[in-house]
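Q:
There are 2 protein chains.
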Amino acid sequence: MTLTTELRKIVESQIDQVIKGIEHTFSRIIETHKITPTDLKDELDSLEETFNLLFQKWSLEILYTLQLKNSIGFSEIKKILCVNSRTLSDKLKMLQKHGYITRTVTVGPPLRVEYALTSKGKNTVLLALPLLYYSSAT
Amino acid sequence: MTLTTELRKIVESQIDQVIKGIEHTFSRIIETHKITPTDLKDELDSLEETFNLLFQKWSLEILYTLQLKNSIGFSEIKKILCVNSRTLSDKLKMLQKHGYITRTVTVGPPLRVEYALTSKGKNTVLLALPLLYYSSAT
DNA sequence: TTACTTTGTATACCTTGTTGTATTAGTAAA
DNA sequence: TTTACTAATACAACAAGGTATACAAAGTAA
Numbered sequence: 001m002t003l004t005t006e007l008r009k010i011v012e013s014q015i016d017q018v019i020k021g022i023e024h025t026f027s028r029i030i031e032t033h034k035i036t037p038t039d040l041k042d043e044l045d046s047l048e049e050t051f052n053l054l055f056q057k058w059s060l061e062i063l064y065t066l067q068l069k070n071s072i073g074f075s076e077i078k079k080i081l082c083v084n085s086r087t088l089s090d091k092l093k094m095l096q097k098h099g100y101i102t103r104t105v106t107v108g109p110p111l112r113v114e115y116a117l118t119s120k121g122k123n124t125v126l127l128a129l130p131l132l133y134y135s136s137a138t
Numbered sequence: 001m002t003l004t005t006e007l008r009k010i011v012e013s014q015i016d017q018v019i020k021g022i023e024h025t026f027s028r029i030i031e032t033h034k035i036t037p038t039d040l041k042d043e044l045d046s047l048e049e050t051f052n053l054l055f056q057k058w059s060l061e062i063l064y065t066l067q068l069k070n071s072i073g074f075s076e077i078k079k080i081l082c083v084n085s086r087t088l089s090d091k092l093k094m095l096q097k098h099g100y101i102t103r104t105v106t107v108g109p110p111l112r113v114e115y116a117l118t119s120k121g122k123n124t125v126l127l128a129l130p131l132l133y134y135s136s137a138t
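If you're matching them up, the sequences are chains A and B in order. FYI, the numbering used here numbers position 105 of the first sequence as 105, with every residue one higher than the one before it. FYI, the numbering used here numbers position 18 of the second sequence as 18, with every residue one higher than the one before it.
(1) Looking at B:Y100: is its Cβ nearer than 7 Å to the Cβ of B:G121?
(2) Using a C-beta cutoff of 7 Å, does B:K93 count as contacting chain A?
(3) Please report the straight-line C-alpha distance between B:T25 and A:T4, rounded to a whole angstrom.
(4) With a cut-off of 8 Å, do at least 3 Cβ pairs link the region 27-40 of chain B to the region 124-138 of chain A?
(5) In chain A, what lies closer than 8 Å to B:K79 by C-beta?
(6) I'd like to check one pair, A:L47 with B:L68: are the Cβ atoms closer than 7 Å?
(7) Going along chain A, which residues have a C-beta under 7 Å from B:K41?
(8) Determine, for B:I148, whether the minimum Cβ-Cβ distance to residues of chain A falls below 7 Å.
(9) Just to confirm my understanding: we take B:A116, look at its own chain, exclude 5 residues before and 5 after, and list those with CB closer than 8 Å. What are they?
(10) Under 8 Å Cβ-Cβ, which residues of chain A neighbour B:Y160?
(11) In whole angstroms, give me the CA-to-CA distance for A:L127 and A:T2.
(12) State the beta-bridge partners of B:Y115 as determined by DSSP.
(13) Measure the C-alpha to C-alpha separation of B:I80 and A:K57 and round it to an integer number of angstroms.
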């Protein structure tokens with residue numbers, strides 16, 4: 001059994017309760033609010049930055065890679081994801097700026113730059129996993 | 001208290017256990033596998049379609065709108081999200097094709113086309129919520 | 001000195017997706 | 001008949017983002 005199938009299987013076996021929990025929380029809010037289009041627009045605006053940052057190409061791929069490999073260098077990420085240097089450099093900077101990853105330079109010799117997840121980054125990946133595996137299942 | 005703050009507060013109060021549950025599941029898998037770069041690459045490839053579909057612009061916004069408004073017409077979505085007709089039309093078609101939403105035409109005057117979430121779409125939104133609120137919090 | 005590695009940066013091109021504007025089809029109301 | 005509304009579609013133009021290619025700094029080894 002491949003890693004993918006195994007991961008998917010375990011995620012699926014627990015997803016129902018996760019969904020039920022969230023749904024309960026959510027419907028409690030909805031019941032007590034009449035949601036106007038304006039509320040909805042505000043709601044979406046407040047989430048927009050996260051949307052844009054997290055869901056652009058490579059962001060989650062990078063975070064997931066870091067989750068599975070702990071600490072990792074620039075070239076290794078590049079090799080695994082087959083991503084352009086420029087693109088990778090930009091994304092890493094952006095993820096670091098927003099507190100998802102740390103960048104540690106080991107001066108020396110040999111020079112080495114290690115990237116790793118912060119706790120925010122780690123939790124973000126963990127929360128993204130059920131979503132990804134659930135939607136890709138069916 | 002606005003809807004946004006209230007949602008965020010409730011999500012936050014429960015997010016720790018959700019994360020803990022997922023982490024436990026996840027680390028159980030990791031411990032028993034030595035993950036090679038090839039495994040990782042395969043893993044990411046298998047999720048790529050979901051990445052691309054779900055995380056492109058407007059997809060989650062549309063799903064979230066449907067979640068909050070139940071059944072809704074084309075123009076209403078357009079008005080709420082301020083999205084171009086063409087773009088909205090494309091996205092709705094794509095989401096329908098992949099089983100996230102249903103499209104129901106009421107022929108008789110007046111003509112009306114209703115969009116609503118399938119259970120897959122609904123669960124997808126529910127799973128996306130903690131991720132969005134968590135990452136936008138800090 | 002020369003060659004090689006790692007970690008990027010610089011430049012310019014190109015693709016993709018999104019938008020604005022206009023248009024169509026069907027129906028109803030004035 | 002004209003106007004208005006819903007649900008799209010058509011097409012040109014634009015902007016953002018990603019890519020290829022090349023190159024640079026800093027160090028190591030032969």
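Just so you know, even glycine gets a beta-carbon here, dropped at the ideal spot from N, CA and C. Please read all numbers here as calculations on a predicted model, not as lab measurements.
A: So, from the data block:
(1) Here the question's residue 100 of chain B lines up with position 100 in the second sequence. Here the question's residue 121 of chain B lines up with position 121 in the second sequence. Against a cut-off of 7 Å, the Cβ pair of B:G121 and B:Y100 comes out as a contact.
(2) For the purposes of this step, residue 93 of chain B is taken as the residue at position 93 of the second sequence. No, because no Cβ of chain A sits closer than 7 Å to the Cβ of B:K93.
(3) Reading the second sequence from its first residue, position 25 is the one you call residue 25 of chain B. Reading the first sequence from its first residue, position 4 is the one you call residue 4 of chain A. One C-alpha to the other measures close to 14 Å.
(4) no
(5) By 1-based counting over the second sequence, the position of residue 79 of chain B is 79. Here the neighbours are P37.
(6) Position 68 of the second sequence, counted from the start, is the residue given in the question as residue 68 of chain B. Position 47 of the first sequence, counted from the start, is the residue given in the question as residue 47 of chain A. Cβ distance not < 7 Å, so B:L68 and A:L47 don't count as in contact.
(7) For this step, residue 41 of chain B is matched to residue 41 along the second sequence. Simply I80.
(8) It is not possible to answer for residue 148 of chain B, since the shown part of chain B is limited to 1 through 138.
(9) Counting from 1 along the second sequence, the entry for residue 116 of chain B is found at position 116. If we look at B:A116 and ignore the five residues flanking it on each side, its Cβ neighbours are L66, N70, S71, I72, I101, T102, T104.
(10) Nothing about residue 160 of chain B can be reported from this structure: the residues present for chain B run from 1 to 138 only.
(11) Translated into positions along the first sequence, residue 127 of chain A becomes position 127. Translated into positions along the first sequence, residue 2 of chain A becomes position 2. Taking the straight line joining both Cα atoms gives about 22 Å.
(12) Taking the first residue of the second sequence as 1, we reach residue 115 of chain B at position 115. Per DSSP, B:I72, B:R103.
(13) By 1-based counting over the second sequence, the position of residue 80 of chain B is 80. By 1-based counting over the first sequence, the position of residue 57 of chain A is 57. The straight-line gap from Cα to Cα measures roughly 26 Å.
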